[in-house]
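**Student:** Next up is a structure, given as structure tokens.
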Amino acid sequence: MMRRIGVLTSGGDAPGMNAAIRAVVRGSTAYGVEVIGIRHGYAGLISGDFVPLGPRDVANTIQRGGTVLLSARSLDFYTPAGRAQAAANAHAAGIEGLVAIGGDGTYQGAWRLWEEHQIPVICAPGTIDNDLCGTDETIGFDTAVNVATEAIDRIRDTAASHERVFFIEVMGRHTGFIALAVGIAGGAEVIALPERVPQPEQVARTIRDAQARGKLSAIVVVAEGAFPGGAQALMQAVHPLLGVKSWVTILGHIQRGGSPTAKDRVLASRLGTAAVEALLDGKAGLAVGVVNHQIHFTPLEIAACSCKLIDPHLVTLAQVLAL
Ligand code: F6P
Numbered sequence: 002m003m004r005r006i007g008v009l010t011s012g013g014d015a016p017g018m019n020a021a022i023r024a025v026v027r028g029s030t031a032y033g034v035e036v037i038g039i040r041h042g043y044a045g046l047i048s049g050d051f052v053p054l055g056p057r058d059v060a061n062t063i064q065r066g067g068t069v070l071l072s073a074r075s076l077d078f079y080t081p082a083g084r085a086q087a088a089a090n091a092h093a094a095g096i097e098g099l100v101a102i103g104g105d106g107t108y109q110g111a112w113r114l115w116e117e118h119q120i121p122v123i124c125a126p127g128t129i130d131n132d133l134c135g136t137d138e139t140i141g142f143d144t145a146v147n148v149a150t151e152a153i154d155r156i157r158d159t160a161a162s163h164e165r166v167f168f169i170e171v172m173g174r175h176t177g178f179i180a181l182a183v184g185i186a187g188g189a190e191v192i193a194l195p196e197r198v199p200q201p202e203q204v205a206r207t208i209r210d211a212q213a214r215g216k217l218s219a220i221v222v223v224a225e226g227a228f229p230g231g232a233q234a235l236m237q238a239v240h241p242l243l244g245v246k247s248w249v250t251i252l253g254h255i256q257r258g259g260s261p262t263a264k265d266r267v268l269a270s271r272l273g274t275a276a277v278e279a280l281l282d283g284k285a286g287l288a289v290g291v292v293n294h295q296i297h298f299t300p301l302e303i304a305a306c307s308c309k310l311i312d313p314h315l316v317t318l319a320q321v322l323a324l
């Protein structure tokens, strides 16, 4: 039976990471297992930036955005020497298993640590992007979508009052999960996704058609990676074709901050606890997720493969409901 496990957060922070850390700590305590918090993600594993975590240390964190363990994108961890140092530090500190909370980069790092150094690792999906396989939703996605939707509702007040066209950029360099959800929830006329690169002519035509059907304002939701240069560049390409001035709002890191929604807190609580139970069960090299409401495990190399696809039915739905 494991006596001590480590927990870290890595990559971009996501609301709900603290709820996941709390679940790892308290879930472990329930089984009599000690927890070591590793600060600054994999960089802290390499430098030995460790802190013991007991149940009281994670008090008053479930509602807080960001990560109390701090996060980083570690370049050293991409090198074999960096990973060897990380593994040596983990062994020296008596860390017998690791829960790594983060996105695809975190998963890839964890996979290597398991493959090369046999450190049992379970990953939990902590990213607003929702771009990881093996889970229906990632920790932070629901909060980001709600934050962006509220922002669009506010922008819509001005769009409607002044009969304006707004291009609103949301996060998502490689995938459009946030843009699609936000576009549907915010009633966008156009949703531009990296998976469906928008043609400026088509965007202009869609807006003109909407105007011909009596719409006085329009919202175009643009994932940051949908068009080179993002929403600003897309607006500039559409402007001469449309012939009317348009406005751009880039929501940026607003989407990544703030208190997690109840849904994200529950998801993080389930996944953090399930990760601990998996380690104690002898599982390793896996990502924990929730699929069809059930806890589900996926091999890390599959979960990190960036193969999660947007639902084409939702794309069609968004177009139908913009009529
Ligand atoms: O992966 C999460 C994410 O927020 C992406 O949506 C975004 O493209 C990226 O991180 C921004 O990263 P950073 O804040 O580190 O520049």
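Under our numbering, residue 324 is the last one in the sequence shown; the count climbs by one each step, no gaps.
A virtual CB, placed ideally from N, CA and C, is assigned to each residue, including glycine.
These numbers were taken from a predicted model, which means no experiment stands behind them.
At which residues does the beta strand (DSSP E) containing Phe-168 begin and terminate?
**Tutor:** Indexing the sequence shown from 1 puts residue 168 at position 167. Here the beta strand (DSSP E) through Phe-168 covers 166-171.
**Student:** I'd like the span of the alpha helix (DSSP H) that includes Pro-313, first residue to last.
**Tutor:** Residue numbering aside, residue 313 sits at position 312 when the sequence shown is read from its first letter. Counting along the chain, the alpha helix (DSSP H) containing Pro-313 begins and ends at 313-322.
**Student:** Could you give the residue range of the beta strand (DSSP E) that holds Gln-295?
**Tutor:** Within the sequence shown, numbered from 1, the residue matching residue 295 stands at position 294. Counting along the chain, the beta strand (DSSP E) containing Gln-295 begins and ends at 295-300.
**Student:** Distance, Cα to Cα, Pro-195 vs Ala-85?
**Tutor:** In the sequence shown, residue 195 corresponds to position 194, counting from 1. In the sequence shown, residue 85 corresponds to position 84, counting from 1. Computed Cα separation, rounded: 36 Å.
**Student:** How about Tyr-108 and Ala-305: do their beta carbons lie closer than 7 Å?
**Tutor:** Within the sequence shown, the letter at position 107 stands for residue 108. Within the sequence shown, the letter at position 304 stands for residue 305. Yes, the Cβ-Cβ distance between Tyr-108 and Ala-305 is below 7 Å.
**Student:** Does the Cβ of Gly-13 lie closer than 6 Å to at least one heavy atom of ligand 1?
**Tutor:** Along the sequence shown, one-based indexing puts residue 13 at 12. Yes.
**Student:** Looking at Ala-172 and ligand 1, is the gap between the Cβ and the nearest heavy atom below 6 Å?
**Tutor:** Position 171 of the sequence shown, counted from the start, is the residue given in the question as residue 172. Checking the sequence shown, residue 172 turns out to be Met, not Ala. Yes, the Cβ of Met-172 comes within 6 Å of a heavy atom of ligand 1.
**Student:** According to the Cβ coordinates, are Thr-139 and Pro-16 closer than 7 Å?
**Tutor:** As a working mapping, residue 139 is identified with position 138 in the sequence shown. As a working mapping, residue 16 is identified with position 15 in the sequence shown. No.
**Student:** Quick one: Cα of Arg-40 to Cα of Pro-53, how far?
**Tutor:** Within the sequence shown, the letter at position 39 stands for residue 40. Within the sequence shown, the letter at position 52 stands for residue 53. The straight-line gap from Cα to Cα measures roughly 11 Å.
**Student:** Ligand 1 and Asp-312: does the residue's C-beta get closer than 6 Å to at least one heavy atom of that ligand?
**Tutor:** Your numbering for residue 312 matches position 311 in the sequence shown. No, since every heavy atom of ligand 1 falls outside the 6 Å radius drawn around the Cβ of Asp-312.
**Student:** Taking all protein chains shown into account, do 16 or more other C-beta atoms lie within 10 angstroms of the C-beta of Val-321, making it buried, or fewer, making it exposed?
**Tutor:** Within the sequence shown, numbered from 1, the residue matching residue 321 stands at position 320. Exposed, by the Cβ-count rule.
**Student:** Check Pro-201 in the structure and name its three-state DSSP category.
**Tutor:** To locate residue 201, count along the sequence shown from 1; it is residue 200. Helix, per DSSP.
**Student:** Given this structure, state the Cα-to-Cα distance separating Ile-129 from Gly-45, to the nearest angstrom.
**Tutor:** Taking the sequence shown and counting its residues from 1, the one referred to as residue 129 is at position 128. Taking the sequence shown and counting its residues from 1, the one referred to as residue 45 is at position 44. C-alpha separation (whole angstroms): 23 Å.
**Student:** Taking Cβ positions, are Ala-193 and Ala-219 nearer each other than 7 Å?
**Tutor:** Here residue 193 refers to the residue found at position 192 of the sequence shown. Here residue 219 refers to the residue found at position 218 of the sequence shown. Their beta carbons are not under 7 Å apart, which means Ala-193 does not touch Ala-219 by this criterion.
**Student:** According to DSSP, is Ile-140 part of a helix, a strand, or is it coil?
**Tutor:** Walking along the sequence shown from the start, residue 140 turns up at place 139. Of the three classes helix, strand and coil, the one that applies to Ile-140 here is strand, per DSSP.
**Student:** Let me know if Arg-155 comes out buried or exposed under the rule of 16 or more other beta-carbons within 10 Å of its beta-carbon.
**Tutor:** Residue numbering aside, residue 155 sits at position 154 when the sequence shown is read from its first letter. So Arg-155 ends up on the exposed side.
**Student:** By DSSP's criteria, Ala-125 is part of a beta bridge. Which residues make up the other side?
**Tutor:** Taking the first residue of the sequence shown as position 1, residue 125 is located at position 124. Bridge partners of Ala-125: Ile-102.
**Student:** According to DSSP, is Ser-48 part of a helix, a strand, or is it coil?
**Tutor:** For the purposes of this step, residue 48 is taken as residue 47 along the sequence shown, with counting starting at 1. It is helical.
**Student:** For Pro-241, which three-state DSSP category applies?
**Tutor:** Locating residue 241 in the sequence shown gives position 240, counting from the first residue. Helix at Pro-241.
**Student:** Straight-line CA distance for Ala-160 to Thr-317?
**Tutor:** In the sequence shown, residue 160 corresponds to position 159, counting from 1. In the sequence shown, residue 317 corresponds to position 316, counting from 1. Approximately 24 Å, taken between the alpha carbons.
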